[in-house]
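Residue 235 is where the sequence shown ends in full-length UniProt numbering, and the numbering goes up by one at each step.
Working notes for the structure below.
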Amino acid sequence: MVGQVTNEPIDGTYNRAKEIKQFEDTKSGIKGLVDSGATKIPKFFVHPPETLPTSPRPDAAVGLELPSIDFSGAECAGGERRREVVEEIRKAASTWGFFRMVNHGVPVEAMDAMLEATRRFHEQATEEKKGLYSGDGRLKVRFTSNVPTRESEVGCWRDILTCVFQDDNLDPQILPPVCRWPARLAVYLYFQLNNKIVSCSIALHKSYNLMAVPLPVRYNFTTVTCIRAVQKYNE
Numbered sequence: 001m002v003g004q005v006t007n008e009p010i011d012g013t014y015n016r017a018k019e020i021k022q023f024e025d026t027k028s029g030i031k032g033l034v035d036s037g038a039t040k041i042p043k044f045f046v047h048p049p050e051t052l053p054t055s056p057r058p059d060a061a062v063g064l065e066l067p068s069i070d071f072s073g074a075e076c077a078g079g080e081r082r083r084e085v086v087e088e089i090r091k092a093a094s095t096w097g098f099f100r101m102v103n104h105g106v107p108v109e110a111m112d113a114m115l116e117a118t119r120r121f122h123e124q125a126t127e128e129k130k131g132l133y134s135g136d137g138r139l140k141v142r143f144t145s146n147v148p149t150r151e152s153e154v155g156c157w158r159d160i161l162t163c164v165f166q167d168d169n170l171d172p173q174i175l176p177p178v179c180r181w182p183a184r185l186a187v188y189l190y191f192q193l194n195n196k197i198v199s200c201s202i203a204l205h206k207s208y209n210l211m212a213v214p215l216p217v218r219y220n221f222t223t224v225t226c227i228r229a230v231q232k233y234n235e
């Protein structure tokens, strides 16, 4: 049973720390909150009105295209193509905050397997996942939500499965059972895709932050986002 999280003040004063603790204590994450039938979003996930951007005109996106970066040839250190890719990343990161990668060398089958494994994990019952729920960044495998750690921060509406490894000798036994079968593909995806991004991004200034990333940039971190899940939980 998922505990109820409410943003209604009891004594007229909103207790942010208490609400965050209530949410964390459920160990069910965003999906658990949605599955519980909650009708209100906890206030620590809500941006103050004064911080929201002005809504664009309905026709503002007409004709716009997401930046697309061709990574072919970028693996050649010191080459002209590598410098071009670095510049394209810099431009896309500063103007859009994200970009589409093409010719990165990672098979569609590997990416689909990663998305499917991630989806299967998050769609498990809370009881199957809560044992991994932790804010301890030292753990190699953990499940958590992006709750704020500072008073001025706003939480990100997402659940996160983090798997940390530094080499290609990943022990599949440390992974959740529903994620173990594509472990070999996970390693392949990590090193083929992440190494290309890292090798190009380190050419950017170390204090440079991506426009779309709410946290300090990490050049050794790969995020797998399941758009289908995002769409489902935002309906």
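Here a beta-carbon is modelled for each residue, glycine too, at the ideal position from N, C-alpha and C.
Since the model is a prediction, treat every value here as computed from it, not as a measurement.
- DSSP places Ile89 in no beta strand (DSSP E) but in the uninterrupted alpha helix (DSSP H) bounded by Glu80 to Thr95.
- Nearest neighbour of Val46 by Cα position, chosen from Leu66, Val178, Val164 and Glu153, turns out to be Glu153.
- Cβ neighbours of Lys129 within its own chain (closer than 6 Å, five residues either side excluded): Phe143.
- Judged by DSSP in its simplified three-state form, Arg142 adopts strand.
- A Cβ-Cβ contact shorter than 8 Å links Cys76 with Arg82.
- With 16 or more other Cβ atoms inside 10 Å of its own Cβ, Phe121 counts as buried.
- As computed with DSSP, Val102 is found in a beta bridge with Asp70.
- Here Val141 is near Thr162, since their CB atoms are less than 8 Å apart.
- Where Leu161 is concerned, the enclosing beta strand (DSSP E) starts and stops at Cys156 to Cys163.
- Remark: C-beta atoms of Trp157 and Ile30 approach each other more closely than 8 Å.
- The C-beta separation of Thr126 from Ser28 comes to about 4 Å, placing the pair in contact by the 8 Å criterion.
- Thr118: member of the alpha helix (DSSP H) spanning Val108 to His122, first to last residue.
- C-alpha of Met114 to C-alpha of Glu88: approximately 27 Å in a straight line.
- With a contact defined as Cβ atoms closer than 8 Å, Met101 and Phe71 qualify at about 6 Å.
- Taken atom to atom, the span from the alpha-carbon of Leu139 to that of Ile20 is near 21 Å.
- Where Lys129 is concerned, the enclosing alpha helix (DSSP H) starts and stops at Thr126 to Lys129.
- Looking at the backbone, the Cα of Arg180 and that of Pro172 are separated by about 6 Å.
- In the DSSP annotation of this structure, the continuous segment of the alpha helix (DSSP H) that includes Gly32 starts and ends at Gly29 to Asp35.
- Among the bridge pairs identified by DSSP, Tyr133 is matched with Phe143.
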